[in-house]
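Read the structure below first, then the notes.
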Amino acid sequence: MKLFTAVQILLAPLALGAAVTKVEKKVSYDGYRAFRISTHNDAAAVSKKIAGLDFVPFNLDTKDHMDLAVAPKDVATFEALGLETSILNKDLGADIAEEAKFAPYETTTIGTAAVPAISWFNSYHAYADHQTFLNDLQGAFPANSELISAGTSGGGRPLYGIHIWGSGGKGSKPAVYFHGTVHAREWISTMVVEYLTYQLLTQYSTNTTVKAIVDSYDFYILPIINPDGFVYTQTTNRLWRKNRLTRSGTSCVGTDMNRNWPYNWALTGGASTDPCSETYKGVAAGDTAEIRALVALTTTIRAAQGIKLFIDWHSYGQYILTPFGYSCTARPTNQARQTTLSSGLAARIALSYGTRFTYGPSCSTLYATTGSSPDYMHAVATAEFAWTIELRPSSGTSNGFVLAASSILPAAIEQWQGMLYLLPTM
Ligand SMILES: [Zn+2]
C-alpha cells in the first residue's frame, strides 16, 4: 500500500516562535490505473492477494467491491492476479490534471444584484475563490442572509458559512444545517452544497416553493469544514482525506474529523486508534480545533432554535445514511419516519437522471462508525433528522473522488430536486 509520504523538506523557522514551514513535493498519480474489484463478501482474501503491490485504496465499504488505484509499475502484476475487476480510470493523473482546469470566477446580475454566475458550477475551484463565491452571493442578498463563522481550523483558516432566513425574521424557525467537505478529497460535496445555497437565495423571490421553504427554516450552511485538508488536496495530495493536525509521538498527520465527534467516541470497532490510518479518531473525543468549534456552533443553534435537519455531504457511493453508525441494531425512536423520508428522497433524486441512491441506517447499510456527525447531531444535538449523503459516483465506470467537472451540475441538480421534496415534506 502506498502511504502518503511525499518528500518533506524542513525549512528553518522564519521568525522566533513561528511554526516550522514544510514544503512538500506534490504527489503524482500519473499513470495510476483505478480498478473496482468484486469482493463477494471476502475482502480479506482480495487484500491478501494484492498486499505486496503499490496502490491507493479509495473506499472503506469493501463488502461488495474494493476501489483502488494501482501504481504504474504494478499494473501488469495486478492484472495477472485474475481478480474480477473493471477499470474505473485509465490514468488517474490525467483525470486529476483535467479536473484542475479551474474556470475563471465570473459574476452576473439578478435584478440589480451582482451574483456569482451559474458557470461557477462548470468546474472545480481554488479555495480562495470558494470564499469569494460565498461572500459575493451573500452580499447580493443582505436582507435575509449573513456570513457566519464557527471559528478557525487547526491551521487558522475560517470555518466560514452562511445563515439564511425567511419572512419570519432571523433566527425564528427550526434550523436546517448543512456541512460540506469534512473529508478533504470529496470535492463534489463543496460544489453541491454551494449549489443548494445558490438556489435557496437566487430563487427566493421568484419561486413560491423555494419561498415557502426559506420562510419555514433558518439555514446554516458551511461548505468547507475541513479547509486545511481541502487546501492540501489542491497544493500537495489530491487524495488526502483527514485534517492536517500534527501530534506528538507520530510523524503521521491528520485526524478523521468524522470520527472525532463527542458521542460514543470511546467505543471500539468504528474508527482507528492508529494515527497513520485514514479513519484515525484522535486521542480524545472532540480534540480537534474544527470539531470543538463546530460543537460550539451546533450547541448555539440547538439552544436558539432546535435542529430539524442536519446533512453531512460526502462522496462517494450514492447513499442516504440515517443514524446510527455506532451500532447496527440501535435505532432512533422516529425510525419509521426516517425510512419514509429517506426512501422518498431517493425516489425524487432518481427522477432527474435516473441516479440510484441506497438508503438506510448507517451501520447496517454501510459499515460501523464511531464519533460521526449524524450520531452526535441526532443523539446529543437532538436533530430530528441527521443524515449523511454520499454523492456521485457509484457505478463501475466512474472515477471515485475525481469526478469529472461535467458531472458537477447533474450531481447538484438531482440533489436540489431531492431537497425540493424533503424540505417541504419533513
Ligand atoms: Zn467522506
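Residue numbers (mature numbering (1 follows the signal peptide of the UniProt record, and there is no 0)): -19 to -1, 1 to 407. C-beta: ideal position from N, C-alpha, C; glycine also. Every value quoted in this text rests on a predicted model; they were computed, and no experiment measured them.
Residue i in three-state terms, based on DSSP
i	result
residue 409	This structure does not reach residue 409, given that the chain is present from -19 up to 407, and the question cannot be answered.
residue 243	coil
residue 204	coil
residue 369	strand
residue 407	coil
residue 318	helix
residue 261	strand
residue 342	strand
residue 51	strand
residue 66	strand
residue 273	helix
residue 214	helix
residue 192	helix
residue 303	strand
residue 361	coil
residue 382	coil
residue 323	helix
residue -1	Unreliable positioning characterises residue -1 in this predicted model, as indicated by a pLDDT of 45, which lies under 50. The coordinate reading is nonetheless provided below. Here residue -1 sits in coil by DSSP.
residue 170	helix
residue 161	strand
Beta-carbon separation (whole angstroms), residue i vs residue j, contact threshold 8 Å
i	j	result
residue 349	residue 251	4 Å
residue 163	residue 206	5 Å
residue 55	residue 34	4 Å
residue 73	residue 50	5 Å
residue 259	residue 223	7 Å
residue 364	residue 301	At roughly 15 Å, the Cβ-Cβ gap does not stay under 8 Å, so residue 364 and residue 301 are not in contact.
residue 176	residue 83	Residue 176 to residue 83, Cβ: 16 Å. No contact.
residue 27	residue 64	7 Å
residue 305	residue 343	6 Å
residue 105	residue 386	6 Å
residue 408	residue 274	Outside the displayed span of the chain (-19 to 407) sits residue 408, for which this structure offers no information.
residue 281	residue 241	Between residue 241 and residue 281 the Cβ distance is about 19 Å, and since that is not below 8 Å, they are no contact.
residue 203	residue 296	No, residue 203 and residue 296 are not in contact; Cβ-Cβ is about 17 Å, not under 8 Å.
Option in the options with minimal Cα separation from residue i
i	options	result
residue 359	384, 334, 291	291
residue 31	18, 386, 281	18
residue 235	263, 48, 215, 57	263
residue 92	121, 106, 101	121
residue 308	278, 241, 48, 246	246
residue 147	394, 125, 161	125
residue 16	48, 36, 29	48
residue 371	169, 214, 199	169
residue 8	190, 356, 217	217
residue 37	53, 44, 317	53
Distance cut-off 7 Å: residue i Cβ against heavy atoms of ligand 3
i	result
residue 340	Ligands displayed in this structure: ligand 1; ligand 3 is not among them.
Below-8 Å beta-carbon distance, residue i vs any chain B residue
i	result
residue 47	Of the protein chains in the structure, only one exists, and it is not chain B.
Check your understanding: Within the structure, which residues are defined as neighbours of ligand 1 by a Cβ-heavy atom distance below 6 Å, reported in chain order?
Key -> 164, 167, 295
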